[in-house]
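First the structure, in the form of structure tokens, and then the observations on it.
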Amino acid sequence: MKHITTALIAILVFAGTTLYAEPEIKGTAGELAQYLKDIPRTVTLTGESEVKMAADRAIVSIRVVTENKTLQEASRLNHELRTKMIRTLAEKGLPADRIHASRFSSTPKYGVFSEKAKSYRVENVVKITTHDEKEFQSVASLVDTTPEFRHDGIEFEHSDKQALKKRAMEQALDKVTEKKKLYEEKLGVKLTPKSFDEGRVMIPNQAGPRNKYYAAGKSLAPGSPLDSNYQNRAADAAGDEEATTSFDELVFKAVVTVEYAVESR
53 MKHITTALIA ILVFAGTTLY AEPEIKGTAG ELAQYLKDIP RTVTLTGESE VKMAADRAIV
113 SIRVVTENKT LQEASRLNHE LRTKMIRTLA EKGLPADRIH ASRFSSTPKY GVFSEKAKSY
173 RVENVVKITT HDEKEFQSVA SLVDTTPEFR HDGIEFEHSD KQALKKRAME QALDKVTEKK
233 KLYEEKLGVK LTPKSFDEGR VMIPNQAGPR NKYYAAGKSL APGSPLDSNY QNRAADAAGD
293 EEATTSFDEL VFKAVVTVEY AVESR
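As structure tokens, this is what we get:
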């Protein structure tokens, strides 16, 4: 019985070893050379590019916040303020088609020992598209003069975004092509494209603060409650053109990867 068990273990060990063994290649030297010659050889080349362009419009988000004992009155006041906003901006040259309500919410507030709401808070986020500094300042003045208008954020965009994305992709592909030509020239090989990956085009809303009135993605418009230290800093910046509010810079980044088959010339 002992000999049978030992033999069985030996068979299992041998079987396990052969199961994970590498494939064996046999043949003459000429056959092996032909085999190695026929193995496909590939190389992967990557190109990256970056296109920078100043934004030509800024989308400012303003929260309109109203509160009242009744939901109906809170909603009415909110609508009234939004109508006032549209009228005020129209007087300053901003058409109504560039002012859009994007989010609405109502929140009841309850007493400590009551199931009935004692008041209601209504919020409506309005997005306003500005095309220059004058329009931007007109929007900023709303926050300065009306407590119910709260600054909620700002996004920078470019009207020809698709063309800029295309330019970034073209530049990335040009870099791949330059590398291909270099390898072919210096190594005496021919590279034939097999597959490619467009990768990605990244378009951050803003590349980062460019002056003291922008921080953490929010605008600190001159005199705005968001910038409590504006008066002191404005005095320090008097006469400095770089201290004025300006649109930010967009950065379009593209990555392209191409796999080539390597062939002898």
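At position 164 of the sequence shown the residue is numbered 216 (this note's numbering), and the sequence of numbers has no breaks. Note that CB positions come from ideal geometry on N, CA and C, so glycine has one too. Just so it is clear, the structure is predicted and the values come from calculations on it, not from any experiment.
Query	Result
Apart from the five residues on each side of it in sequence, which residues of its chain come closer than 8 Å, Cβ to Cβ, to T96?	T309, V310, E311 and Y312
Between which two residues does the alpha helix (DSSP H) holding K232 run?	K213 to L239
Use the C-beta contact count for T94: other C-beta atoms within 10 angstroms, 16 or more gives buried, fewer gives exposed.	exposed
Hey, V116 and N176 are a contact pair by Cβ (cut 8 Å); roughly how many whole angstroms apart?	5 Å
Can you tell which of A110, G99, R173 and R150 has its C-alpha closest to the C-alpha of L302?	A110
Where does L146 fall in DSSP's three states?	coil
Do you know offhand how far V103's Cα is from F304's?	5 Å
Are the region 129 to 147 and the region 231 to 249 touching, with three or more C-beta to C-beta distances below 8 Å?	no
If you scan the region 116 to 192 from start to end, which runs of the alpha helix (DSSP H) of 4 or more residues do you find wholly inside it?	123 to 143
Tell me which residues share the same chain as V314 and place their Cβ nearer than 8 Å to its Cβ, disregarding the 5 neighbours each side in the sequence.	R93, T94, V95, V241, K242 and L243
What is the residue span of the beta strand (DSSP E) that T198 lies within?	Unbroken run through T198: none, as it is neither H nor E.
For the region 144 to 163 against the region 176 to 187, are there 3 or more C-beta pairs whose distance is under 8 Å?	yes
Measure from the C-beta of V310 to each C-beta in chain C and report whether the shortest distance is under 9 Å.	Absent here is chain C; the protein component of the structure consists of one chain.
Using a Cβ-Cβ cutoff of less than 7 Å, which residues in the same chain neighbour N120 once the five nearest sequence positions on both sides are dropped?	A126, L129, S171 and Y172
Within the continuous beta strand (DSSP E) that includes A107, where are the two ends?	It is not in any beta strand (DSSP E) - A107 carries neither H nor E in the DSSP assignment.
Let me check understanding here. Comparing Cα to Cα, which of G99, E132 and F188 lies closest to D300?	F188
Hey, could you find the ends of the beta strand (DSSP E) T309 is sitting in?	E301 to S316
Return the CA-CA distance between M19 and P245, expressed in angstroms with no decimal places.	With the chain covering 53 to 317 only, the question about residue 19 has no answer from this structure.
Starting from K246, follow its DSSP beta bridges and name the residues at the other end.	Paired residue(s): none; K246 is not in a bridge.
If you run the structure through DSSP and keep just helix, strand and coil, what is T94?	strand
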